Amino acid sequence: MSLDVVTEGLGRALPIVAFLLAITAVAELSDRAGVFDVIGHWIARHGRHRMWLLWLLFWAFAVTCTIFLSLDTTAVLLTPVALSVANQIGVPPRPFALTTLWIANTGSLLLPVSNLTNLLALQRLEALGVDHTAYVRLAFAPAIVSIAITLGVIALLHWRDLGTRYAVDPPADPHDPTLFRCAALVCLIIGPAFAAGLPPWAVAAAAALVLTVATAWRAPHHLKHLNLPWLMALAFAALTIVVAAAHDAGLLNPLLNLAGTGTTTPDLLRVAGTSALTSNAVNNLPAYLALEPAAAGDRLRLMAVLIGTNAGPLVTPWASLATLLWMQRCRAAGVRWSLWRLALGGLVCGSLAVLGSTLAVTLPLLGAR
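Right, here's the structure in full:
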């Protein structure tokens, strides 16, 4: 392994690691300030005792959370809120739990901050002259299609549950009002800041600093035992270097050959499908790093790789970290899933999302040519 490979890998990984740690701190402190709990109970009260309206409001919140605070925030922090609220009002928890899982993945295309793979792709796109705004334009159509398909699949799978009503409006837990307002304001501000194209690591770091100071002032006990993903950050940095070294040695050439070349619709479907299959075989982060060179410097092929690694890993539990975190939260709440049924549903949703999103990239009116 050459020094150049290590240097390049660290150069790519460090700003993303900084973002990962900072945005996790923002999400954790916002959760302890009551932001997710209050919004969850607000949704329950404004569902007007109709299960379908409650679910649509929750779906919109899950999409927003995924886009602006990343898929892992949705999987880790929104899942227990959804399960708790569902339990309090006596409705089936599965439509809400499944929404957090699938939206965390399929809803993570629109902004670079929505997924670590997007941040990696933006580094390559910027070298092609595609800035943050151009990335959003490129990702807009496939992101909307992916989210819409997920909504439709969940509605079809759980239409009986969504046709019921609920009778109880759960009370929100008490929270420090000053800290809550501060955390809510920070969450509102960072969304537009990310969308405006400011450096993600800088925005997240500033937000984490503000929330840390506010929490130390109002509720210092909330600063204890923050669950920052140090191990994941270290593993991500190491993985970036290892995959770069594997490419340098030519070990991944068979996989790149499988992904093919070209930018016709079949070509893009081929690279997106290869990315989805590789993600489910190993994990979406190493899958993206392994298949990034298959884009061959073309923005549409790179978006196809992202579609496969973001919307595709819904079949196996290890396909994305978000799925593993989600399963852990469900298990802690006593909600059990059949892995076979979950895999079958994920195969249907993931396949349709990858297919529809990739086709959206190629359509003249919706795509990005």
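Read in order, the letters of the sequence shown correspond to residues 1 to 369 in full-length UniProt numbering.
Think of the CB as a built atom: it goes at the ideal place given N, C-alpha and C, for glycine as much as any other residue.
Only a predicted model underlies this, so the values are computations on that prediction, with no experimental measurement involved.
Asked                                                                                                                                                                                  : Found
How close, in whole Å, do the beta carbons of LEU71 and ALA322 come, if the pair is a contact with beta carbons under 8 angstroms?                                                     : 5 angstroms
Could you tell me which residues DSSP puts in a beta bridge with ARG329?                                                                                                               : DSSP lists no partner for ARG329.
Using the C-alpha atoms, what's the distance from ARG12 back to LEU120?                                                                                                                : 7 angstroms
Going by DSSP, what residues sit across from ARG50 in a beta bridge?                                                                                                                   : ARG165
Write down every uninterrupted run of the alpha helix (DSSP H) in the segment 166-230 whose length is 4 residues or greater and which is fully enclosed by it, in chain order.         : 177-195, 200-218
Exposed or buried, which one is HIS132 when buried takes at least 16 other CB atoms within 10 Å?                                                                                       : buried
Would PRO15 and ALA333 qualify as a contact pair, given that the criterion is a beta-carbon distance under 8 angstroms?                                                                : no
Judging by CA-CA distance, which residue of LEU57, LEU138, LEU258, SER114 is the nearest neighbour of PHE19?                                                                           : SER114
Below 8 angstroms, how does it come out for the segment 34-54 and the segment 79-95: are there three or more Cβ pairs, yes or no?                                                      : yes
Could you give the C-beta distance for ARG165 and ARG50, rounded to a whole number, given that I count them as a contact under 8 angstroms?                                            : 6 angstroms
In the structure shown, what three-state DSSP assignment does GLY34 receive?                                                                                                           : coil
Are there 16 or more other CB atoms within 10 angstroms of the CB of SER338, so buried, or fewer, so exposed?                                                                          : exposed
I believe LEU77 touches ALA33 by the beta-carbon criterion, under 8 angstroms. Please report the beta-carbon distance rounded to the nearest angstrom.                                 : At roughly 12 angstroms, the Cβ-Cβ gap does not stay under 8 angstroms, so LEU77 and ALA33 are not in contact.
Give me, in chain order, the residues of the same chain whose beta-carbon lies closer than 7 angstroms to that of LEU185; leave out the 5 immediate sequence neighbours on both sides. : none
Looking at the structure shown, is PRO93 part of a helix, part of a strand, or coil, going by DSSP?                                                                                    : coil
In the DSSP assignment, the alpha helix (DSSP H) including TRP340 goes from what residue to what residue?                                                                              : 339-362
Short of 7 angstroms in beta carbon distance, which residues of its chain neighbour THR100, apart from the five on each side in sequence? Order them along the chain.                  : ALA62, THR74, ALA75, LEU78, THR79, ALA82, TRP326
Going by Cα to Cα distance, which pick from CYS65, PHE236, VAL130, CYS182 is closest to LEU29?                                                                                         : CYS182
Starting from GLY312 and walking both ways along the alpha helix (DSSP H), at which residues does that stretch end?                                                                    : Segment: none, GLY312 is in no alpha helix (DSSP H) and carries neither H nor E.
Alpha carbon to alpha carbon, how far is HIS221 from GLY273? Give it in angstroms, no decimals.                                                                                        : 47 angstroms
Given a threshold of 16 other Cβ atoms within 10 Å of its Cβ, counted over all protein chains shown, does GLU126 qualify as buried or as exposed?                                      : exposed
Exposed or buried, which one is ASP173 when buried takes at least 16 other CB atoms within 10 Å?                                                                                       : exposed
VAL271 lies in the alpha helix (DSSP H); which residues open and close that run?                                                                                                       : 265-281
Just verifying my parser: in three-state terms, what is the DSSP assignment at GLY107?                                                                                                 : coil
Does PRO130 come out as helix, strand or coil in the three-state DSSP assignment?                                                                                                      : In the sequence on display, residue 130 carries Val and not Pro. It is coil, neither helix nor strand.
Note down the Cα distance separating HIS175 from ASP31, rounded to an integer number of angstroms.                                                                                     : 11 angstroms
Can you give me the start and stop residues for the alpha helix (DSSP H) that ALA287 sits inside?                                                                                      : 284-291
Just the Cα atoms here: how many angstroms apart are GLU292 and THR265?                                                                                                                : 18 angstroms
Could you tell me the alpha carbon to alpha carbon distance between ALA139 and ALA319, rounded to whole angstroms?                                                                     : 22 angstroms
Apart from the five residues on each side of it in sequence, which residues of its chain come closer than 8 angstroms, Cβ to Cβ, to GLU8?                                              : ALA244
On a CA-only basis, which of ARG48, TRP59, LEU56 is nearest ILE89? Give me that one, please.                                                                                           : ARG48
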